[in-house]
Ligand SMILES: Cc1cc2nc3c(=O)[nH]c(=O)nc-3n(C[C@H](O)[C@H](O)[C@H](O)COP(=O)(O)OP(=O)(O)OC[C@H]3O[C@@H](n4cnc5c(N)ncnc54)[C@H](O)[C@@H]3O)c2cc1C
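Residue numbers (the working numbering): 1001 to 1515.
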C-alpha cells in the first residue's frame, strides 16, 4: 500500500520538485530516508478563489512497499486468428480493434473516409472553398470525429479502471504521460494524428486489417444472426461478428437499419450555438484578474442552468481554440471546436446547447425514430440557407441576440469560412432560442464579464451526441434482435466523447471474447 497526501501550491512552484517533495513529506509525516519513490499522481487547478492554486495528490512508496507498474499494451500476432469486422475507425472502432488484438482476435476495420494525412486536404477544402466531401470531413475519416478536436480526454464515467486503461493506451501510442496525471487532460489537434497513425500501424503489424474508402452499404441477416456485410455497394464479406461504430453523423446507417426493419429509437440530444469570447477575458474571469500568470494554462469554463424545464449547458469548451465547419453533407452547416496542444489561439469557444427530448419536439409521433434527427437536419439546413448556401454560418453578438437586434459588425472570428449577420431568433426554433436568451443572462450572473456583446454566437451547434440510439442487450451487447451485431460508441448512443467511445469499443469486443 502506498501513502497518498494532498497538497496545494502556487502555480509558479509547479516545477520546483524539491519544494513539492518537502511539503508533501511534511504533510505525510514521513522522512526522506524512509521513502523508496514518489510521484505526482493527480493534478488539478483550484480557481474557486484568488489566488489560484494547484492541488496535487502525491503518492509515496516506503522502502518495503512495491510500486505497482501500469500494465503495457500487448500486441499479439493475430494473422491466423478468428476475424471480426469493425465498421468505423473512430475512437470506438480503433479501441475495439486494439482490444481484439489483445484478446487474440483479428480485427478487419472498414472506414468510409481517408487516412489522417489525406483527410487534411478535405478539411482545407471545406474551410477555404466551402466544399463538403461527404466521405471525408471533420467527422469522417481515420480517427473519427475525435482526430481534429481539442482532444479533451475526460469523461463522466466513474469506472476509473476503464478510463485509466484507455488513457494508458493513448500514452502507449505516443501521448504525453501527463494525461495520466491531469484532472482535465487534453492532447490537441496537432498531436492526435500521429497517435492515431501509430494505432493503425500497430493493428496492421499484429496482422489486423484497416481498409479506407470502404463504406458499409448493406448487410445480410439469416435467422436473426448477421452473416455478411457489403462494402461500397459492391463486394460482400462474410462475418458473424460485426462491431458497428459509425458515429453520430452516419445518417445513412440509421436509414439503412430502419429500411431493413432493424430497431432504432429516437434519443434525447442537445442543440444550440457555439459561442466565442476572447481567451484573455475568460482567463481574467476564471483566474480572478490573474490573467497574465505565465504558470497557468488558458482557462476553461463549465456552465449549466435549468431553464423552463430544460437543461442549458456549455459543451466541449475549447480554450485557445478554433471554431470548425463540421458539416458531413451538402446543404447544411454545423459548428464544433478544436484546439492545438498549447491552446494558444486568442479565442475561447464553447457549445451552448439546450437538451432536447423527443417529446419536446413539435409533431412528435410515438415510435418515430427520426423525430430528433429530422429536427437537427431542419436547423442545420435553415442555417445553411439563411447564411447564403455556403459554409458561412449565421452569427450574432450575444447581447444583440438576447435583445433581438441584428449585429452591425463583428470582432474577428476564428471560424475560417466566415460568418453572416442574422437575427438568430428567426433561425433557431423558439424552444431553443428563448432558453438560450435566458441562460446567457444567468451565465453572466455566475461568471461576471461573460455576458458581453464582444462574444459572438455561431449557429448551429447540433452534433453534440447522437439523436438516435440502437438498442442492444445489456449483457451480450448485441443488437436486441440481431445476434453478432454490436452497436457501439457514440452513434449507437453508448458514449459521449473520445474516452467513453474508446471504452465502449473495448466493452463490445470483451463481449465477443466472452461469447
Ligand atoms: C471538431 C470536434 C471536436 C471534438 N472535441 C472533442 C474533445 O475535445 N473531447 C471529446 O471527448 N470529444 C470530442 N469530440 C467528440 C468526439 O470526437 C466523439 O465523441 C467521438 O469521436 C465518438 O467516437 P466514435 O468512435 O463513437 O464515433 P466517430 O468518432 O464519429 O467515428 C465514427 C467513424 O465511422 C466512420 N463511418 C461512418 N459511417 C461509416 C460507414 N457506413 N462505413 C464505414 N465507416 C463509417 C466515420 O468515417 C468515422 O470515422 C469532438 C468532435 C468534433 C467533431
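Ideal Cβ positions, reconstructed from N, Cα and C, are used throughout, including at glycine.
Buried or exposed for residue i, going by 16 or more other Cβ atoms inside 10 Å?
i, result
"residue 1511", "buried"
"residue 1275", "buried"
"residue 1079", "exposed"
"residue 1242", "buried"
"residue 1289", "exposed"
"residue 1309", "exposed"
"residue 1472", "buried"
"residue 1489", "buried"
"residue 1186", "buried"
"residue 1189", "buried"
"residue 1048", "exposed"
"residue 1325", "buried"
"residue 1514", "exposed"
"residue 1018", "exposed"
"residue 1236", "exposed"
"residue 1507", "buried"
"residue 1199", "buried"
"residue 1095", "buried"
How many whole angstroms separate the CB atoms of residue i and residue j, which I take to be in contact at a CB cut-off of 8 Å?
i, j, result
"residue 1182", "residue 1031", "Not confirmed; about 29 Å, so no contact."
"residue 1597", "residue 1090", "The first residue shown for the chain is 1001 and the last is 1515, placing residue 1597 beyond what the model contains."
"residue 1519", "residue 1351", "Residue 1519 lies beyond the stretch modelled for the chain, which goes from 1001 to 1515, so this question has no answer here."
"residue 1458", "residue 1335", "5 Å"
"residue 1058", "residue 1041", "7 Å"
"residue 1384", "residue 1331", "6 Å"
"residue 1151", "residue 1192", "5 Å"
"residue 1474", "residue 1491", "No, residue 1474 and residue 1491 are not in contact; Cβ-Cβ is about 18 Å, not under 8 Å."
"residue 1504", "residue 1081", "With a Cβ gap of about 22 Å, residue 1504 and residue 1081 do not count as contacting."
"residue 1060", "residue 1002", "6 Å"
"residue 1116", "residue 1142", "5 Å"
"residue 1106", "residue 1208", "6 Å"
"residue 1483", "residue 1226", "7 Å"
"residue 1296", "residue 1052", "6 Å"
What are the boundary residues of the alpha helix (DSSP H) that includes residue i?
i, result
"residue 1511", "1498-1514"
"residue 1277", "Run containing residue 1277: none in the alpha helix (DSSP H); it sits in the beta strand (DSSP E), 1269-1278."
"residue 1026", "1017-1028"
"residue 1381", "1371-1386"
"residue 1129", "1116-1129"
"residue 1403", "1398-1403"
"residue 1107", "Per DSSP, residue 1107 belongs to no alpha helix (DSSP H); it is in the beta strand (DSSP E), 1106-1110."
"residue 1255", "1251-1259"
"residue 1095", "1091-1102"
"residue 1085", "Run containing residue 1085: none in the alpha helix (DSSP H); it sits in the beta strand (DSSP E), 1083-1087."
"residue 1174", "Unbroken run through residue 1174: none, as it is neither H nor E."
"residue 1490", "1489-1492"
Among the residues of its own chain, which have a CB less than 7 Å from the CB of residue i, if the five just before and after it don't count?
i, result
"residue 1311", "1304, 1355"
"residue 1440", "1398, 1402, 1451"
"residue 1392", "1417, 1418, 1419, 1420"
"residue 1172", "1072, 1073"
"residue 1263", "1471, 1480, 1481"
What are the boundary residues of the beta strand (DSSP E) that includes residue i?
i, result
"residue 1464", "Residue 1464 -> no beta strand (DSSP E), and no H or E assigned at all."
"residue 1218", "1216-1222"
"residue 1447", "Careful: residue 1447 lies outside any beta strand (DSSP E) and carries neither H nor E."
"residue 1317", "1310-1318"
"residue 1036", "1035-1046"
"residue 995", "Residue 995 lies beyond the range of the chain shown here (1001 to 1515); nothing can be said about it."
"residue 1062", "1053-1062"
"residue 1200", "That residue, residue 1200, is in no beta strand (DSSP E); its alpha helix (DSSP H) goes 1192-1206."
"residue 1209", "1209-1211"
"residue 1004", "1003-1009"
"residue 1235", "1235-1238"
"residue 1242", "1242-1244"
"residue 1421", "1419-1421"
"residue 1181", "Segment: none, residue 1181 is in no beta strand (DSSP E) and carries neither H nor E."
"residue 1347", "1347-1356"
"residue 1335", "1335-1338"
CB-CB under 6 Å to residue i, same chain, minus the five flanking residues each way: which ones, in chain order?
i, result
"residue 1425", "1404, 1433"
"residue 1320", "1279, 1298, 1339, 1343, 1344, 1345"
"residue 1415", "1323, 1458"
"residue 1396", "1407, 1424, 1457"
"residue 1315", "1351, 1353, 1464"
"residue 1493", "1267, 1466, 1469"
"residue 1218", "1230"
"residue 1390", "1130"
Spatial neighbours of residue i within its chain, please: C-beta separation below 8 Å, excluding the five flanking residues on both sides.
i, result
"residue 1214", "1110, 1111, 1112, 1231, 1232"
"residue 1170", "1153, 1179, 1187, 1195"
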